[in-house]
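Undergrad:
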Amino acid sequence: MGVRKDVSAAGGPGQVRKATDIRSRSMVRAKSPNRWAFTLVELLVVISIIAVLMAILMPALQKVRRQGRRVLCGFNLRNMYMAHKTYQTETGKYLANFSRNPYTPWYNHDGFRTGMGLDRLTTEQKTRRLGELQEWTPNVPRKMICPSAKWALDHPEDGFYPIDRSYGVNIDGDYEAAYKNPASNYSDKESWVRQHAQKLFLADAMDWWISYYFCKVYPEYGEQWLGIATYGATAFRHDGGANVVFWDGHTGHLSQEDVTGNQRLWDPL
-6 MGVRKDVSAA
4 GGPGQVRKAT
14 DIRSRSMVRA
24 KSPNRWAFTL
34 VELLVVISII
44 AVLMAILMPA
54 LQKVRRQGRR
64 VLCGFNLRNM
74 YMAHKTYQTE
84 TGKYLANFSR
94 NPYTPWYNHD
104 GFRTGMGLDR
114 LTTEQKTRRL
124 GELQEWTPNV
134 PRKMICPSAK
144 WALDHPEDGF
154 YPIDRSYGVN
164 IDGDYEAAYK
174 NPASNYSDKE
184 SWVRQHAQKL
194 FLADAMDWWI
204 SYYFCKVYPE
214 YGEQWLGIAT
224 YGATAFRHDG
234 GANVVFWDGH
244 TGHLSQEDVT
254 GNQRLWDPL
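Residue numbering for the sequence shown follows this note's numbering, starting at -6 and increasing by one per position.
1. So, with DSSP's three-state summary, where would you put Asp197?
2. Assuming Trp99 and Trp201 are in contact, meaning their beta carbons sit under 8 angstroms apart, how far apart are those beta carbons, in whole angstroms?
3. According to DSSP, what are the bridge partners of Val133?
4. For Tyr46, which three-state DSSP category applies?
5. DSSP three-state label for Tyr273, please.
6. For Ala235, which three-state DSSP category applies?
7. Tell me, please, whether the region 225 to 238 touches the region 67 to 74 by the rule of three or more beta-carbon pairs shorter than 8 angstroms.
8. When the Cα atoms are used, what is the spatial distance from Leu247 to Trp259?
9. Of all the options Thr253, Asp241 and Arg135, which has the alpha carbon lying nearest to the alpha carbon of Tyr206?
10. Measuring only the C-alpha atoms, how far is Val38 from Met47?
11. Could you give the C-beta distance for Arg122 and Trp144, rounded to a whole number, given that I count them as a contact under 8 angstroms?
12. So who's on the other strand from Ile203, going by DSSP bridges?
13. If you count every other CB in all the chains shown that lies within 10 Å of the CB of Ser41, and 16 or more means buried, which is it?
14. Taking 7 angstroms as the threshold (C-beta atoms), are Tyr80 and Gly110 in contact?
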């Protein structure tokens, strides 16, 4: 009888089980955080491991990105060479250069723009903006700009970019050739080049024309366009070198030393 009273006082067997279940769940909840939570030391260890992995992987990822930009740049150069070559094949003439016409850079030429699938420019769009730092109106889409040409990418106008701060054509020998044969209009210019596979045609640049006598400027100023101070500068923007395309159409990557120390690379005669 005493046992029954005790059970009744406790509320019966069902109440006892319920109380026991509540206590069990409370103990589980109390223990769970201790079972799964990290200590401060463990968190610091995890963070340190992640930091080490990032330090190892980041240089490799950056290298891959640089290589990707270099490949895209070489693709641009090859396409521009083909546009020049198509025009020359169809007309028998070389695209206008500044030794012939200082107001029509090669990239403003109708033949080049047609070959690249671009709209022709109006006379106003071709006009040199004397007194302005960016002398010619930017007129090409972003995809035609070298991905590492920072100044060009940072100075668009109305959605177009200045290709003359991305690529330049080798003009060495043009002056002499023009004076020797002023009536040619460059119709026989390619025949003057004796070693097509060794002669520079287009390259990374800070100006739309490049020359051996100005090719050492870039290391001092980098991706800055300062006007006269950076005229004719080859841009060594790809791991200390420049992407180039030769007269025979093959592309390559040349170190700064290869470009500045080899005058034969430049002279097309």
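Built from N, CA and C at the ideal position, the CB exists for glycine as well.
Here the structure is a predicted model, which is why all the values come from computation and not from measurement.
TA: On the basis of the coordinates in this document:
1. strand
2. 7 angstroms
3. DSSP, once it has assigned bridges, lists Tyr154 as partnering Val133.
4. One detail in the question is off: residue 46 reads as Leu in this sequence, not Tyr. Helix at Leu46.
5. Examination of residue 273 is not possible in this model, given that the chain is present from -6 through 262 alone.
6. strand
7. The region 225 to 238, when compared against the region 67 to 74, does touch it at the 8 angstroms Cβ threshold.
8. 13 angstroms
9. When the alpha-carbon of Tyr206 is set against those of Thr253, Asp241 and Arg135, the nearest one is in Thr253.
10. The straight-line gap from Cα to Cα measures roughly 14 angstroms.
11. Not quite, the Cβ-Cβ distance comes to about 17 angstroms (not below 8 angstroms), so this is no contact.
12. Asn163
13. exposed
14. no
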